[in-house]
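Everything on this sheet refers to the single structure shown next.
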Amino acid sequence: MKHSITLNVNGEEWDVDVAPNDTLLEVLRERVGIKSPKVGCERGDCGACTVILDGKTVRSCLVLAVEADGSGVLTVEGLSKEGPNELQQAFIDRNSFQCGFCAPGVVLAVSELLATNTSPTEDEVKEAIAGNLCRCTGYTPIVEAVMDVVEKDRT
Amino acid sequence: MPIAHEFDYVKPGTIEEAIGILAEHGDGAQILAGGTDVVAQLRDDAITPEIVVDIKGIDGLGDIRLAGDRLFIGPLVTFTDVIESELIRESFPLFHEMAVKVASKGIRNRATVVGNICSAVPSCDAGPVLLVYDAQVLLLGPEGERTVPIDEWFVGPKKTDLRQCELVVGLEISSSARAFGGSYVKLGRYRGEDLAQASVAVLVSPDYEYRVAFGAVGPTPVRARELEAEIRNEEPSDEMLETARKAIPRETSPITDIRATAEYRAHMLEVMLERGIRAAVARLNGGGPEYGTRHI
Ligand code: FES
Ligand code: FES
Chain A
199 MKHSITLNVN
209 GEEWDVDVAP
219 NDTLLEVLRE
229 RVGIKSPKVG
239 CERGDCGACT
249 VILDGKTVRS
259 CLVLAVEADG
269 SGVLTVEGLS
279 KEGPNELQQA
289 FIDRNSFQCG
299 FCAPGVVLAV
309 SELLATNTSP
319 TEDEVKEAIA
329 GNLCRCTGYT
339 PIVEAVMDVV
349 EKDRT
Chain B
5 MPIAHEFDYV
15 KPGTIEEAIG
25 ILAEHGDGAQ
35 ILAGGTDVVA
45 QLRDDAITPE
55 IVVDIKGIDG
65 LGDIRLAGDR
75 LFIGPLVTFT
85 DVIESELIRE
95 SFPLFHEMAV
105 KVASKGIRNR
115 ATVVGNICSA
125 VPSCDAGPVL
135 LVYDAQVLLL
145 GPEGERTVPI
155 DEWFVGPKKT
165 DLRQCELVVG
175 LEISSSARAF
185 GGSYVKLGRY
195 RGEDLAQASV
205 AVLVSPDYEY
215 RVAFGAVGPT
225 PVRARELEAE
235 IRNEEPSDEM
245 LETARKAIPR
255 ETSPITDIRA
265 TAEYRAHMLE
275 VMLERGIRAA
285 VARLNGGGPE
295 YGTRHI
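Read top to bottom, the protein sequences are chains A and B. Under the working numbering, the residue at position 64 of the first sequence is numbered 262, and the numbers go up by one with no gaps. Under the working numbering, the residue at position 212 of the second sequence is numbered 216, and the numbers go up by one with no gaps.
Written out as structure tokens, the structure reads:
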């Protein structure tokens with residue numbers, strides 16, 4: 199049976215009919231057309247499908263779309279409506295990513311951290327992105343970029 | 005890969021309604037809270053329910069509160085909720101220490117403590133800690149309420165004492181544990197996502213009564229009662245720790261699997277137990293590392 203759900207995606211209201219076995223990841227990518235959440239492991243291990251659901255990062259491959267009825271979803275498309283934000287610019291400046299597959303998830307994981315903790319330690323940054331696997335960079339340039347933002351905001 | 009299995013979805017607004025749906029569908033119903041296990045299992049066809057019953061629409065199931073002399077934890081309480089709870093951090097800090105070591109933020113934001121013990125994998129993080137806290141599992145079914153001590157809850161790998169049509173409506177922990185020192189030592193391959201290769205929870209009372217439980221080294225998380233009896237009322241000393249280490253093989257049955265060999269697990273348990281006991285006692289006496297520390 200189809201369920202009619204409402205999602206607020208990056209500030210826009212969407213009404214979609216979903217089947218109970220459609221995941222939020224599929225609905226965002228295939229129906230809403232938001233392609234930044236990536237299809238990685240689809241079992242909660244890699245973090246590539248991360249989105250912010252009602253203020254908190256979740257793995258959208260492990261959320262049924264119907265569960266998200268009435269919720270707000272934020273993806274990197276929503277962060278950068280007017281061009282890259284400060285954090286994204288720092289990642290660009292440090293050339294933090296290579297293939298970029300992990301990038302949307304990492305950006306959102308760090309955004310969630312910075313929303314509640316404006317001066318995290320390097321360890322706290324690492325903990326925040328511990329669930330976002332990156333196969334290219336070794337994480338160093340990612341952490342450095344975040345610490346650039348933290349230090350800039352401190353001064 | 006989409007989820008191939010088709011099922012219905014309902015989101016009841018009350019516990020009674022939920023129990024009614026469970027009673028109607030029996031084995032065909034699957035309860036859904038955070039979904040981090042359930043959705044992964046649906047994708048694997050490891051479960052093939054007729055109907056998925058989302059309990060997130062029921063009020064009050066996300067509570068963390070003191071009820072008399074007991075801490076109540078509702079079935080919708082996530083590991084993030086535990087970490088953010090002042091009450092837990094102050095009065096049940098071992099619970100906090102466990103929660104910060106679960107998977108990663110994106111999982112902790114969604115995964116529930118109750119879901120963790122309902123999935124009941126041998127490596128579940130909540131298991132050993134609830135065992136040393138002597139938690140009670142509160143259940144409601146068509147026949148009424150039932151309370152199961154956590155010691156009797158785990159009956160096999162991924163098997164619990166949950167009966168058909170029952171819903172876990174909460175967990176209770178006695179606040180007598182408030183004055184105790186504790187530690188949770190988790191061994192994993194890497195930080196972030198990994199399940200425990202082995203885990204040890206220790207709780208020690210002011211008169212040195214120890215409670216010890218192990219995870220991922222047997223078919224279920226286990227309380228080590230013989231070991232506890234052998235070190236009762238003793239402060240940590242080389243001799244006491246030797247006695248404790250020697251008792252480990254009687255309490256555990258580690259196997260070799262994808263995450264570690266049996267030998268490695270057995271060896272590391274000795275190291276972990278010693279560190280766990282030392283940290284718990286140091287904390288009991290007002291010192292020791294801050295709760296949340298990785299002991300290994
Ligand atoms: S695709 Fe969701 S965690 Fe990997
Ligand atoms: S940049 Fe390729 S996975 Fe992170």
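From the three backbone atoms N, C-alpha and C, an ideal C-beta is built for every residue, glycine too.
(request) Give the interface partners of V230 (chain A) over in chain B, defined as CB-CB distance under 7 Å, in chain order. (result) As a working mapping, residue 230 (chain A) is identified with position 32 in the first sequence. What V230 (chain A) touches in chain B: nothing, since even the nearest Cβ is about 16 Å away.
(request) Consider the Cβ of S127 (chain B): report whether some Cβ of chain A lies at a distance smaller than 8 Å. (result) Numbered from its first residue, the second sequence carries residue 127 (chain B) at position 123. With its beta carbon at least 8 Å from every one in chain A, S127 (chain B) lies outside the interface.
(request) Decide yes or no for the touch test of the segment 333 to 351 of chain A against the segment 287 to 301 of chain A: beta carbon pairs closer than 8 Å, at least 3 of them. (result) With contact defined as three or more Cβ pairs closer than 8 Å, the segment 333 to 351 of chain A and the segment 287 to 301 of chain A are in contact.
(message) What does DSSP give as the partner residue(s) for L36 (chain B) in the beta ladder?
(response) Counted from its first residue, the second sequence places residue 36 (chain B) at position 32. Its beta-bridge partners are B:D58.
(message) Residues in the same chain with beta-carbon distance under 6 Å from A202 (chain B), minus the five sequence neighbours each way, listed in chain order, please.
(response) Translated into the one-based positions of the second sequence, residue 202 (chain B) becomes position 198. These residues qualify, in order along the chain: L191, A220, V221, R269, M272, L273.
(request) Name the two residues that bound the continuous beta strand (DSSP E) containing H201 (chain A). (result) Taking the first residue of the first sequence as position 1, residue 201 (chain A) is located at position 3. From DSSP, the beta strand (DSSP E) with H201 (chain A) extends over 201 to 207.
(request) Pick helix, strand or coil for G276 (chain A), following the three-state DSSP scheme. (result) For the purposes of this step, residue 276 (chain A) is taken as residue 78 along the first sequence, with counting starting at 1. G276 (chain A) falls in the helix class under three-state DSSP.
(message) Could you tell me which whole beta strand (DSSP E) segments of length 3 or greater appear in the segment 138 to 177 of chain B?
(response) Counting only runs of at least 3 residues, the segment 138 to 177 of chain B fully encloses the following beta strand (DSSP E) elements, listed from N- to C-terminal order: 140 to 145, 148 to 153, 158 to 160.
(request) Answer yes or no: does any C-beta atom of chain B fall closer than 8 Å to that of P282 (chain A)? (result) If you number the first sequence from 1, residue 282 (chain A) lands on position 84. By this cut-off, P282 (chain A) is not an interface position.
(message) Tell me whether the segment 170 to 186 of chain B and the segment 250 to 257 of chain B touch, counting them as touching only if at least three CB pairs, one residue from each stretch, are closer than 8 Å.
(response) Segments in contact, no.
(message) Quick check: what's the CA-CA separation for R114 (chain B) versus D242 (chain B)?
(response) Residue mapping note: residue 114 (chain B) aligns to position 110 of the second sequence, counting from 1. Residue mapping note: residue 242 (chain B) aligns to position 238 of the second sequence, counting from 1. Computed Cα separation, rounded: 42 Å.
(request) Assign T319 (chain A) to one of three DSSP states: helix, strand, or coil. (result) Numbered from its first residue, the first sequence carries residue 319 (chain A) at position 121. In the structure shown, T319 (chain A) adopts coil according to DSSP, grouped into three states.
(request) Closer than 7 Å by C-beta to P223 (chain B): which residues in its own chain qualify, once you throw out the five before and the five after it? Chain order, please. (result) Reading the second sequence from its first residue, position 219 is the one you call residue 223 (chain B). Taking P223 (chain B) as the centre and dropping the five residues before and after it, the same chain places the C-beta of P126, G160, P161 closer than 7 Å to its C-beta, in chain order.
(message) Give me the subset of the segment 328 to 346 of chain A whose CB atoms are less than 9 Å from a CB atom of chain D, sorted by chain position.
(response) In the structure shown, chain D cannot be found, because the protein chains are A and B.
(request) Pick out whichever of B:G61, B:L91, B:I87, B:T52 has its Cα sitting closest to the Cα of A71 (chain B). (result) Translated into the one-based positions of the second sequence, residue 71 (chain B) becomes position 67. Ranking B:G61, B:L91, B:I87, B:T52 by Cα distance to A71 (chain B) puts B:L91 first.
(request) Could you tell me which residues DSSP puts in a beta bridge with S203 (chain B)? (result) Against the second sequence, residue 203 (chain B) aligns to sequence position 199. Partner(s): B:K190, B:G219.
(request) Would you identify the three-state DSSP class for Y337 (chain A), choosing helix, strand or coil? (result) For this step, residue 337 (chain A) is matched to residue 139 along the first sequence. The three-state reading of DSSP puts Y337 (chain A) in coil, since its state is none of H, G, I, E or B.
(message) For a cutoff of 8 Å on Cβ pairs, would you count T221 (chain A) as touching chain B?
(response) Taking the first sequence and counting its residues from 1, one reaches residue 221 (chain A) at position 23. Judged by the 8 Å Cβ criterion, T221 (chain A) is in contact with chain B.
(message) Let me see if you follow: with CB-CB separation under 8 Å, is G268 (chain A) close to chain B or not?
(response) For this step, residue 268 (chain A) is matched to residue 70 along the first sequence. Closer than 8 Å: no.
(request) Measure the CB-CB distance between D129 (chain B) and A200 (chain B) and report whether it falls below 8 Å. (result) By one-based count along the second sequence, residue 129 (chain B) stands at place 125. By one-based count along the second sequence, residue 200 (chain B) stands at place 196. Yes, the pair counts as a contact, with Cβ atoms nearer than the cut-off.
(request) Identify, in the order they occur along the chain, each residue of the same chain with its Cβ nearer than 6 Å to the Cβ of T256 (chain B), setting aside the five sequence neighbours on each side. (result) Taking the second sequence and counting its residues from 1, the one referred to as residue 256 (chain B) is at position 252. For T256 (chain B), same chain residues with a beta-carbon under 6 Å away, outside a window of 5 residues either side, are F218, V221, G222 in chain order.
(request) Could you tell me whether the Cβ atoms of P79 (chain B) and L98 (chain B) are closer together than 8 Å? (result) Walking along the second sequence from the start, residue 79 (chain B) turns up at place 75. Walking along the second sequence from the start, residue 98 (chain B) turns up at place 94. In this structure, L98 (chain B) does not lie closer than 8 Å to P79 (chain B) by Cβ.
(request) Since I believe A248 (chain B) is in contact with I281 (chain B) (beta carbons under 8 Å), could you give me their beta-carbon distance rounded to a whole number of angstroms? (result) Within the second sequence, residue 281 (chain B) is the residue found at index 277, counting from 1. Within the second sequence, residue 248 (chain B) is the residue found at index 244, counting from 1. For a cut-off of 8 Å, the C-beta gap from I281 (chain B) to A248 (chain B) is around 7 Å, short enough to register as a contact.
(message) By the three-class DSSP mapping on this structure, what secondary structure does F99 (chain B) have?
(response) The sequence position of residue 99 (chain B) within the second sequence is 95, counting from 1. Helix at F99 (chain B).
(request) Could you round the C-beta distance between M102 (chain B) and Y188 (chain B) to whole angstroms and report it? I think they count as a contact, below 8 Å. (result) Within the second sequence, the letter at position 98 stands for residue 102 (chain B). Within the second sequence, the letter at position 184 stands for residue 188 (chain B). Yes, they are in contact, since the Cβ atoms of M102 (chain B) and Y188 (chain B) sit about 4 Å apart, within 8 Å.
(request) Please work out which residues of its chain come closer than 6 Å, Cβ to Cβ, to G329 (chain A), disregarding the five sequence neighbours upstream and downstream, and give them in chain order. (result) Reading the first sequence from its first residue, position 131 is the one you call residue 329 (chain A). For G329 (chain A), where only same-chain residues beyond five positions count, the Cβ hits under 6 Å are G245.
(message) List, in chain order, every chain A residue whose beta-carbon is nearer than 9 Å to that of R182 (chain B).
(response) As a working mapping, residue 182 (chain B) is identified with position 178 in the second sequence. Close to R182 (chain B), with beta-carbon spacing below 9 Å, lies no residue of chain A; the smallest spacing is near 27 Å.
(message) Residues of chain B with CB closer than 7 Å to the CB of G354 (chain A), please, in chain order.
(response) Residue 354 (chain A) lies beyond the stretch modelled for chain A, which goes from 199 to 353, so this question has no answer here.
(message) Short of 8 Å Cβ to Cβ, which residues in the segment 268 to 291 of chain B face chain A?
(response) For the segment 268 to 291 of chain B, the set of residues with a beta-carbon nearer than 8 Å to any beta-carbon of chain A is empty.
(request) Would you check whether ligand 1 has a heavy atom nearer than 7 Å to the C-beta of G298 (chain A)? (result) Locating residue 298 (chain A) in the first sequence gives position 100, where the first residue counts as 1. No, ligand 1 has no heavy atom inside 7 Å of this Cβ.
(request) Compute the Euclidean distance between the alpha carbons of G17 (chain B) and L205 (chain A), then round it to the nearest angstrom. (result) In the second sequence, the residue the question calls residue 17 (chain B) occupies position 13. In the first sequence, the residue the question calls residue 205 (chain A) occupies position 7. Rounded to the nearest angstrom, the two C-alpha atoms are 20 Å apart.
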